[in-house]
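Presented below is the structure to which this report refers.
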Amino acid sequence: MRTPAKAAGTVPTMEWRDLERADSIIVVAAPATWTDARVEAWLDWAGTIEPKAPLGGGPARYAERVAKIGLARGLFGDKADAAAFKDALLATMLSGYATPAGGQVGQELLPDISEIEFQTVARQSLARRRAASLAAQAAGRLDAALAQVTDAVRRCQGDARACADVRKNPALARAARKARELGADDRTILEAIATADAPRSPLADLAPPPENDMVASASRQGVAAGDEAAALAAHVAWEAGALTLAFSPQDAEILARGVAVGAAIDASAFLDDEGFDVERFTEVCHLWGTALELDRGDQPARLSLAGVGDCLLSQGLSQTSAEGRDGAAALWALAVGAALSASAEAASALGQDPAYAQDRQGVLKTLAERRVRAAALRSELATEAATALATAHGLARKHGLRSVALVGPFEDAEATLRLGGAPIGPANAMAPVSVAQTADGLLLPTFSPAAMEALSAEGADLDAARRHALGHGTLAESPAIDHLVLQARGFTAHEIEKAENALRECRGLRAAFAPAVMGAGFLRDVLGASAEDVARRDFDTLAFADFTEDEIEAAERHALGAGRLGDCEALNPELREAFQSVEAPAFADRLAMLTAVEGFACLPTTVPLPIAFDARPADAVRAQAAAARAGVRALRLQRAAAPAEFKLELPDEPVAEPQRPTPLREKMAREPIVTERVVEKIVERDRSRRRLPDRRKGYIQKAAVGGHKVYLHTGEYEDGELGELFIDMHKEGAAFRSLMNNFAIAVSLGLQHGVPLDEFVDAFVYTKFEPAGPVTGNDSIKSATSILDYVFRELGVSYLGRDDLANADPSEFNADGLGFGKQLVDADEDGELDPVPASRFISKGFSRGATPDNLVFAAFGRRRVEGAERPGVEGEMCPSCGDLSLVRRGAITVCDTCGAQSDQTGPMASS
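Below, the structure written as structure tokens:
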């Protein structure tokens, strides 16, 4: 087998390129016109990089390996033929015409959807996936709850046994209750507490691997009609998103086997001033067909085309027109004929495909039918395509075929990058408005080569097209926001110049006026923006300067252009239609193009059918039926993922309507039923900051911890909830005072963002560090282990009623009927407590004098009995009034209730 010299082509001029890798800078040889991203893609594919070798040496190693396989298996007559093949294969890669591509993973083959076995297998697979999904969700929530249990133990400061006791650690108790509500048993919770200090393994490492995707054959008529079997297949695909339907058993088997190796050829690279170079394109397809037959071994391979849409666009053909579809089909038919000819020649030395031996007549009949259809195409390449298919038919009849299915569209992003951005697919094309890299590495917007060829061929006004698609590149003479308007709004010439420079690199006008470009000082001092506004990521400088949305859009279109050519009025309607078919293709037009190409391709292409995340199974059935009627060979439903912020808006629980009054007789006859209902109201706090009023109330507590004075200032909301605190020290160092002040600010921000005070109290009580010791000046706290312990004890007692945190005598401040109660003032001679002036608790300055001077707090409480040793002790029974108020007063007894006196001796006197 000899390789024609035309297949090699001309290798472009190479230059040394310095590329920065993750750990070093390497020097490789690469074509001068290639971008750094394209060279990097080849280096990533090469793996091992040889310094100063063309593209890192990867293409040379690939070509040499394939040539050695062909020489060893007898496909080449001698070493000279193998060397010529290697040089030609290497030249196509260095020229950017072709590239190897990765394979595609096979799928699990299911029975035909019309068979009974399909229903059983599909339902079982769906049940497994559903169970795995629910188990993963439940396990994730439960693991998070157990992590909170361990965190509650680790964050506790104090005795280790007390921290691990749910009765002594309130935070641990709350976390344990939440874990129990989510389904964890008490043994699991106890184990989490016991292993709190041990590192926890991530749950994702223990998750089972996902199941393989599935493929099943189906009847096109049944799917198009939406019968019961098709509805079940659509439901499986809607819920699992892993079912591919092929409309023939042969295509289902091909998809199930997958592809081991692949390659892609850029069809647009064969366009020159004289038109499309059919001969060189055919030789390159033959060359890479031979390379794939040698490289694949016993596994399937796939050859695809890239830049087919660019070829159509260069000729001014729209992909929505019949001429455009026939032009793409002719290119694919030409590639199929050349590749299958190479497969037939390889079969003489490497052996035939078992599928060809089993169905020889069917394969030859299909080739003959393709030749007839190719001759009927409305394309300049129709005759050459029919000739190539006829040649493949003759060689297949003589030698057989090494691969029955070798050519078909597929997608590979890495291979697309290695081809310079030419997208792989049925008729994919580069965006007409793309980017180009300058010599200094700057990326600038420009027209794609195909778009420039189309504009030049039609004689279009290039300047008008550039102004429409790429813009003027400046805000000068903008119809909405020009330099004069910006100066009138406060922008100086310095800021305008910075925005103009940023327009070259930014993708939008708002990005050119971002705070990072304008400067935070200018936005605050000149435009009057606050520091909080400038710090926001979504801060819009132009909107803050009172520019409307229409004005911003008009200015952006003037400076940066529309970014498309499909709506340019300077172009003729046919050319605008061609650009629109590339920039915004309709789904129906893409299906029509794929159907035209698949009439000649050997391998099926799985068409993704996008459906909304909130679509119903019935919608999936209708989309599946529409694709089947369009004539595709395989399809797959792709249900969009739910948005991250998606949340069901559940209505509130309906309030029961009042029932009619029940007659008294019926009410008396009915036996009363006592029911108890517990209503739990869950309030979700907004994550935004709840700001304190500018004039706020609170209190100041002066105390000393271990001899160190501490001033605690609090600020409250209108409802009395704590919103801020300040901690001032007396004779501490500047570093310690600053640290305490900033810590208080951090706690205040947490309180204002919704963090409950009890979380701070549980986290910081019992912390131990100096200063510590006895506390003076506080009526409820007598000792503390640190400043933070004292502060959060005081806040817990004052705002949360956490009397368990106080270490004074509870009977002095907890007047609950079991103690004497703390007296604020001394009692008078009659034992009555005087009213306390309200000015003792209410700030006259805060109320601005609105509180009357005669406002008092009435003192209510039990009068003490002289000589009583414990609460509840009273006098003897009075013989006059019968009240237990007869008490001893010197030599006589007096009744405090009726005032009766007696000098009789008795039990009272004797006592």
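No gaps in the numbering here: position 689 of the sequence shown is 689 in the UniProt record's numbering, and each next residue is one more.
C-beta: ideal position from N, C-alpha, C; glycine also.
For clarity, every value in this text was computed on a predicted model and none was experimentally measured.
Check                                                                                                                  : Outcome
Close Cβ partners of residue 420 (< 8 Å) along its chain, the five nearest in sequence each way excluded               : 34, 35, 38, 96 and 266
Bounding residues of the alpha helix (DSSP H) (the contiguous stretch that carries residue 738)                        : 734–752
Backbone secondary structure at residue 934 - three-state DSSP                                                         : Beyond the ends of the chain as shown, which are 1 and 911, falls residue 934; an answer cannot be given.
DSSP state of residue 876 mapped onto helix, strand, coil                                                              : strand
For residue 756, three-class secondary structure by DSSP                                                               : coil
In DSSP terms, what residue 892 is bridged to                                                                          : 889
Cβ shell of residue 90 (< 7 Å), same chain only, five flanking positions each side left out                            : 59, 60 and 63
Buried or exposed by the 16-neighbour rule on C-beta atoms within 10 Å, applied to residue 807                         : exposed
Residue 713 - containing beta strand (DSSP E), residue span                                                            : 708–716
Collapsed DSSP secondary structure at residue 391 in the structure displayed                                           : helix
Spatial neighbours of residue 689 in its chain, beta-carbon cut-off 6 Å, leaving aside the 5 residues before and after : 752 and 753
Residue interval of the alpha helix (DSSP H) (run including residue 114)                                               : Residue 114 -> no alpha helix (DSSP H), and no H or E assigned at all.
Per-residue DSSP class, three states only, for residue 319                                                             : coil
Burial state of residue 372, where buried means 16 or more other Cβ atoms lie within 10 Å                              : exposed
Beta-carbon proximity list for residue 518, same chain, < 8 Å, skipping 5 on both sides                                : 495, 498, 499 and 541
Where residue 66 falls, given that 16 or more other Cβ within 10 Å makes a residue buried                              : buried
Limits of the alpha helix (DSSP H) - the one that residue 98 falls within                                              : Element bounds for residue 98: not the alpha helix (DSSP H) but the beta strand (DSSP E), 98–101.
Within the region 248–308, ranges of the beta strand (DSSP E) (whole runs, at least 3 residues)                        : 261–266 and 301–306
Beta-carbon proximity list for residue 486, same chain, < 6 Å, skipping 5 on both sides                                : 496
N- and C-terminal bounds of the beta strand (DSSP E) containing residue 214                                            : 214–217
Which residues DSSP lists as bridging residue 14, in chain order                                                       : 31
The region 425–439 in contact with the region 385–395 per 3-pair CB rule at 8 Å                                        : no
Of the listed residues 348, 353, 358 and 332, nearest to residue 370 (C-alpha basis)                                   : 332
Near the ligand MN: residue 29 beta-carbon under 8 Å from a heavy atom                                                 : The ligand content of the structure shown is nil, which means the ligand MN is not present either.
Span separating the alpha-carbon of residue 797 from that of residue 196                                               : 29 Å
Cα-Cα separation between residue 571 and residue 17, rounded to whole angstroms                                        : 40 Å
Where residue 701 sits in the DSSP three-state scheme                                                                  : strand
DSSP bridge partner residues for residue 636 (one or two, in chain order)                                              : 244 and 608
Spatial distance of residue 793 from residue 776 (CA atoms)                                                            : 14 Å
Any C-beta of chain C under 9 Å from that of residue 293                                                               : Although the question refers to chain C, the structure presented lacks it and comprises just one protein chain.
Beta strand (DSSP E) segment containing residue 447, residue limits                                                    : 443–447
Under the three-state DSSP convention, the category residue 433 falls into                                             : strand
Cα-Cα separation between residue 515 and residue 552, rounded to whole angstroms                                       : 17 Å
Assigned secondary structure, residue 120 (DSSP; H/G/I helix, E/B strand, else coil)                                   : helix
For residue 359, the nearest candidate out of 789, 401, 489 and 240 (CA to CA)                                         : 401
Candidates 182, 785 and 134, of which the one nearest residue 143 by Cα                                                : 182
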